[in-house]
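Written below as structure tokens is the structure these notes are about.
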Amino acid sequence: MWQLRLTETLRQIISTHTTDEKWAKAKSEAELKNRWFTAESVHLALNSWVTALQHDSVTKWFSYYSFAAEPHLKTLGIVMAGNIPLVGLHDLLCGLLAGFKVRVKLSSDDEVLMKHLIETLQAEMPELQNRIEISSDFKGLDSAIATGSNNTGRYFEYYFRHIPHLLRGHRNGVAVLNGNETPEELLALGHDVFDHFGLGCRNVTHLFIPAGYDFKLLFDAWLPLGDIIHHNKYANNYHYHRALLLMNLDKHLDNGFVVLKETTDIYSPVGVVGYQFYTQINEVNQVLAERAQKIQVVCGAGFVPFGQAQHPQLWDYADGVDTLKWLLEI
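Below you can see the structure in the form of structure tokens.
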């Protein structure tokens, strides 16, 4: 089955990122071009992919679908985001597995890593030379997937109006606390907040907290993550938004590297985490249902475990849309 060979080859390529000189060069160039792509952030993204592509997980994922014996080679265009390392890889993989020839527009923020991975994959599987093309020309597409802001989404909606298309806008992660979390669980939640500097659509930017909660528990658990303030771009965001809150006399909590602000808005900028209190869990469930179109992932007891927001399974699709199923049905 060529689909299994594809995923296994991809896993093997990514798993060499700590020892291969070409990977080292690509990671270094990526950080020079995009200062958010630190060695730690790239390492986290690549290791998450190695874990996701384990054989048992791939076999489980494939069991949900029926694949064609041979690629049909219709053309799928993918406009990739670049907010975190290799964020567009899942769409590329789904397009290939569904049998498409894929034309990719890389984000300038994640051009180096994606280009290196594509070229390495094509070298290992020559049959992909004509199935993956890096281009900004989207004429003659049969279908399209595009990720961008809510504003660019309106442009994509018009541009791709004549073909089947899947468009993604801006979403964020949220977490539900019950007040009984251990320090270890709260530290894991900290990774959901701070990994990739909070730039991912799965990063937690909003907390649902029981009334009367002691925020010292949260801040104490997050102390080991405080080195994030030494990253220049993160620090600039943190200081800017803290200054705005101080000037406007807005009530907030501050631990020296993140600001907590009471709000009902799911989105929070880098350096800020929003929160709102609740007295009954039904209140939270109602908000989650009402704001579902703005939420990418929910973390907490009974939801995605703390610490796993940036480690999705292959079947954890963006915006809750089964991308592979959608492609296979076109």
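Under the numbering used here, the residues of the sequence shown are numbered 1302 to 1631, in order.
We treat Cβ as the ideally placed atom computed from N, Cα and C, and that holds for glycine.
Remember, it's a predicted structure, so these values are computed and weren't measured experimentally.
### Message
Less than 6 Å between C-beta atoms, sequence neighbours within five positions excluded: which residues of the same chain meet that for D1411?
### Response
Along the sequence shown, one-based indexing puts residue 1411 at 110. Correct list, in chain order: G1383.
### Task
Measure the alpha-carbon distance for I1419 versus M1426 and round it to whole angstroms.
The sequence position of residue 1419 within the sequence shown is 118, counting from 1. The sequence position of residue 1426 within the sequence shown is 125, counting from 1. Roughly 10 Å between the two C-alpha positions.
### Message
If you reduce the DSSP assignment to three classes, tell me which class E1434 lands in.
### Response
Your numbering for residue 1434 matches position 133 in the sequence shown. It is a strand residue.
### Message
For the ligand MG, is there any heavy atom lying closer than 7 Å to the beta carbon of R1432?
### Response
The ligand MG is not part of this structure, which contains no ligands at all.
### Message
Using a Cβ-Cβ cutoff of less than 6 Å, which residues in the same chain neighbour S1569 once the five nearest sequence positions on both sides are dropped?
### Response
If you number the sequence shown from 1, residue 1569 lands on position 268. For S1569, where only same-chain residues beyond five positions count, the Cβ hits under 6 Å are T1506, G1575.
### Query
Which whole-angstrom value describes the C-beta separation of A1353 and Q1597, a residue pair presumed to lie in contact below a C-beta threshold of 8 Å?
Within the sequence shown, residue 1353 is the residue found at index 52, counting from 1. Within the sequence shown, residue 1597 is the residue found at index 296, counting from 1. Not really, about 16 Å apart at Cβ, beyond 8 Å.
#### Entry: Terminal residues of the beta strand (DSSP E) in which Q1587 lies
The count along the sequence shown starts at 1 and reaches residue 1587 at position 286. Per DSSP, Q1587 belongs to no beta strand (DSSP E); it is in the alpha helix (DSSP H), 1582–1591.
### Query
Cα-Cα, which of A1512, N1556, L1550 is closest to I1529?
Here residue 1529 corresponds to residue number 228 of the sequence shown, with the count starting at 1. Measuring from the Cα of I1529, the nearest candidate turns out to be N1556.
### Message
Residues in the same chain with beta-carbon distance under 6 Å from G1378, minus the five sequence neighbours each way, listed in chain order, please.
### Response
Position 77 of the sequence shown, counting from 1, holds the residue named residue 1378. Taken in chain order, the residues that qualify are R1404, F1439, L1442, A1445.
### Task
Keeping to the same chain, check which residues put their C-beta closer than 7 Å to that of C1395; ignore five residues upstream and five downstream.
Against the sequence shown, residue 1395 aligns to sequence position 94. Cβ within range, chain order: T1624, L1625, L1628.
### Alpha-carbon to alpha-carbon, G1491 and T1339
Locating residue 1339 in the sequence shown gives position 38, counting from the first residue. Locating residue 1491 in the sequence shown gives position 190, counting from the first residue. For T1339 and G1491, the distance between alpha carbons rounds to 18 Å.
### Query
Cβ of H1542 within 8 Å of Cβ of G1499?
The residue you call residue 1542 lines up with position 241 of the sequence shown. The residue you call residue 1499 lines up with position 198 of the sequence shown. No, the Cβ-Cβ distance between H1542 and G1499 is not below 8 Å.
### Message
Using C-beta distances below 6 Å, list every residue in its chain close to V1388, excluding the 5 sequence neighbours before and after it, in chain order.
### Response
To locate residue 1388, count along the sequence shown from 1; it is residue 87. These residues qualify, in order along the chain: A1382.
### Message
Measuring only the C-alpha atoms, how far is F1604 from Y1618?
### Response
Walking along the sequence shown from the start, residue 1604 turns up at place 303. Walking along the sequence shown from the start, residue 1618 turns up at place 317. Straight-line Cα distance between these residues: approximately 15 Å.
### Task
Kindly indicate which three-state DSSP category V1571 falls into: helix, strand or coil?
Your numbering for residue 1571 matches position 270 in the sequence shown. The DSSP-derived three-state label of V1571 is coil.
### Query
What residues in its chain sit with their C-beta under 7 Å from that of L1266, if we drop five residues either side in the sequence?
As shown, the chain starts at 1302 and ends at 1631. That puts residue 1266 outside it, with no answer to give.
### Task
Would you decide whether R1472 is buried or exposed? Buried here means 16 or more other CB atoms lie within 10 Å of its CB.
As a working mapping, residue 1472 is identified with position 171 in the sequence shown. Buried: at least 16 other Cβ atoms inside 10 Å.
### As assigned by DSSP and simplified to three states, the class of N1555
What you label residue 1555 is simply residue 254 of the sequence shown in a count that begins at 1. First, the residue type needs correcting, since residue 1555 is Asp and not Asn in the sequence shown. Note: D1555 maps to strand in three-state DSSP.
### Message
Going by the DSSP bridge assignment, what does H1507 pair with across the sheet?
### Response
Position 206 of the sequence shown, counting from 1, holds the residue named residue 1507. According to DSSP, H1507 bridges with V1475, G1575.
### Query
Would DSSP call K1323 helix, strand or coil?
Within the sequence shown, numbered from 1, the residue matching residue 1323 stands at position 22. Looking at K1323 - three-state DSSP - the assignment turns out to be helix.
### Task
Kindly list the residues whose CB is nearer than 6 Å to the CB of G1454, restricted to its own chain and excluding five residues on each side of it in sequence; keep chain order.
Indexing the sequence shown from 1 puts residue 1454 at position 153. Closer than 6 Å at the Cβ level, and outside the excluded window around G1454, lie L1468, G1470.
### Query
So what does DSSP say about T1565, is it helix, strand or coil?
Position 264 of the sequence shown, counting from 1, holds the residue named residue 1565. Note: T1565 maps to coil in three-state DSSP.
### Task
Measure the C-alpha to C-alpha separation of A1522 and W1337 and round it to an integer number of angstroms.
As a working mapping, residue 1522 is identified with position 221 in the sequence shown. As a working mapping, residue 1337 is identified with position 36 in the sequence shown. Cα to Cα, A1522 sits roughly 24 Å from W1337.
### Task
Please report the Cβ distance between L1311 and L1398, rounded to the nearest whole angstrom; I am assuming they are in contact, meaning their Cβ atoms lie under 8 Å.
For the purposes of this step, residue 1311 is taken as the residue at position 10 of the sequence shown. For the purposes of this step, residue 1398 is taken as the residue at position 97 of the sequence shown. Taking 8 Å as the upper bound for CB-CB distance, L1311 and L1398 are not in contact here, some 11 Å apart.
### Query
In angstroms, rounded to a whole number, what distance separates the CA positions of P1511 and N1549?
Your numbering for residue 1511 matches position 210 in the sequence shown. Your numbering for residue 1549 matches position 248 in the sequence shown. Distance between the alpha carbons of P1511 and N1549 is about 27 Å.
### Message
On the CB-based measure, 16 or more other CB atoms within 10 Å of its CB, does A1476 come out buried or exposed?
### Response
On the sequence shown, residue 1476 is found 175 positions in, with the first residue counted as 1. A1476 should be labelled buried.
### Query
With D1493 and G1474 assumed to form a contact (beta carbons below 8 Å), what rounded beta-carbon distance in angstroms separates them?
Numbered from its first residue, the sequence shown carries residue 1493 at position 192. Numbered from its first residue, the sequence shown carries residue 1474 at position 173. With a Cβ gap of about 6 Å, D1493 and G1474 count as contacting.
### Message
To the nearest angstrom, how far is the alpha carbon of L1374 from that of K1361?
### Response
To locate residue 1374, count along the sequence shown from 1; it is residue 73. To locate residue 1361, count along the sequence shown from 1; it is residue 60. For the pair L1374 and K1361, the Cα-to-Cα distance works out to about 25 Å.
#### Entry: Same chain, Cβ closer than 8 Å to D1695, neighbours up to 5 away in sequence not counted
An answer regarding residue 1695 cannot be provided, because it is not within the stretch 1302 to 1631 covered by the chain.
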